[in-house]
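Structure first, then comments.
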Amino acid sequence: MYVNYASLDFLPYFNEALFSSLLYLHTFAILWSFITFKRRNSIECYEIQLT
1 MYVNYASLDF LPYFNEALFS SLLYLHTFAI LWSFITFKRR NSIECYEIQL
51 T
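In C-alpha coordinates form, the structure reads like this:
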(Lines of atoms letter the chains of each structure in order from A; the text may use other names.)
(Lines give C-alpha, C1' and ligand atoms only; values in the text may rest on other atoms or scores of the structure.)
Protein backbone atom coordinates (compact mmCIF):
# COMPACT_ATOMS: atom_id res chain seq x y z
CA MET A 1 0.00 0.00 0.00
CA TYR A 2 2.82 2.38 0.78
CA VAL A 3 4.29 1.88 -2.70
CA ASN A 4 0.92 2.65 -4.27
CA TYR A 5 0.57 5.86 -2.29
CA ALA A 6 4.10 6.87 -3.19
CA SER A 7 3.52 6.23 -6.90
CA LEU A 8 0.23 8.14 -6.78
CA ASP A 9 2.01 11.01 -5.05
CA PHE A 10 4.76 10.94 -7.67
CA LEU A 11 2.39 10.66 -10.64
CA PRO A 12 1.24 14.33 -10.89
CA TYR A 13 4.83 15.59 -10.98
CA PHE A 14 5.66 13.08 -13.71
CA ASN A 15 2.57 14.06 -15.71
CA GLU A 16 3.38 17.75 -15.33
CA ALA A 17 6.96 17.23 -16.50
CA LEU A 18 5.80 15.09 -19.42
CA PHE A 19 3.16 17.66 -20.41
CA SER A 20 5.61 20.56 -20.24
CA SER A 21 8.20 18.68 -22.31
CA LEU A 22 5.56 17.74 -24.89
CA LEU A 23 4.35 21.33 -25.01
CA TYR A 24 7.92 22.55 -25.49
CA LEU A 25 8.51 20.04 -28.28
CA HIS A 26 5.22 21.03 -29.92
CA THR A 27 6.05 24.74 -29.91
CA PHE A 28 9.56 23.98 -31.18
CA ALA A 29 8.11 21.91 -34.03
CA ILE A 30 5.71 24.73 -34.94
CA LEU A 31 8.54 27.27 -34.95
CA TRP A 32 10.78 24.96 -36.98
CA SER A 33 8.07 24.30 -39.58
CA PHE A 34 7.33 28.04 -39.81
CA ILE A 35 11.03 28.85 -40.30
CA THR A 36 11.48 26.17 -42.97
CA PHE A 37 8.24 27.29 -44.67
CA LYS A 38 9.46 30.88 -44.82
CA ARG A 39 12.86 29.72 -46.09
CA ARG A 40 11.19 27.56 -48.76
CA ASN A 41 9.02 30.49 -49.86
CA SER A 42 12.03 32.80 -50.09
CA ILE A 43 13.92 30.19 -52.13
CA GLU A 44 10.93 29.84 -54.49
CA CYS A 45 10.68 33.60 -54.84
CA TYR A 46 14.41 33.74 -55.56
CA GLU A 47 14.06 31.07 -58.25
CA ILE A 48 11.10 32.93 -59.74
CA GLN A 49 13.16 36.12 -59.86
CA LEU A 50 16.02 34.28 -61.57
CA THR A 51 13.82 32.91 -64.35
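Just so you know, the UniProt record's numbering puts 15 at position 15 of the sequence shown, and the rest follows in order with no gaps. Where a beta carbon is used, it is the ideal one built from N, C-alpha and C, also for glycine.
Annotation: L25 to F37 spans about 18 Å, alpha carbon to alpha carbon. When only Cα atoms are considered, S33 and P12 end up about 31 Å apart. The C-alpha of T27 is placed about 21 Å away from the C-alpha of N41.
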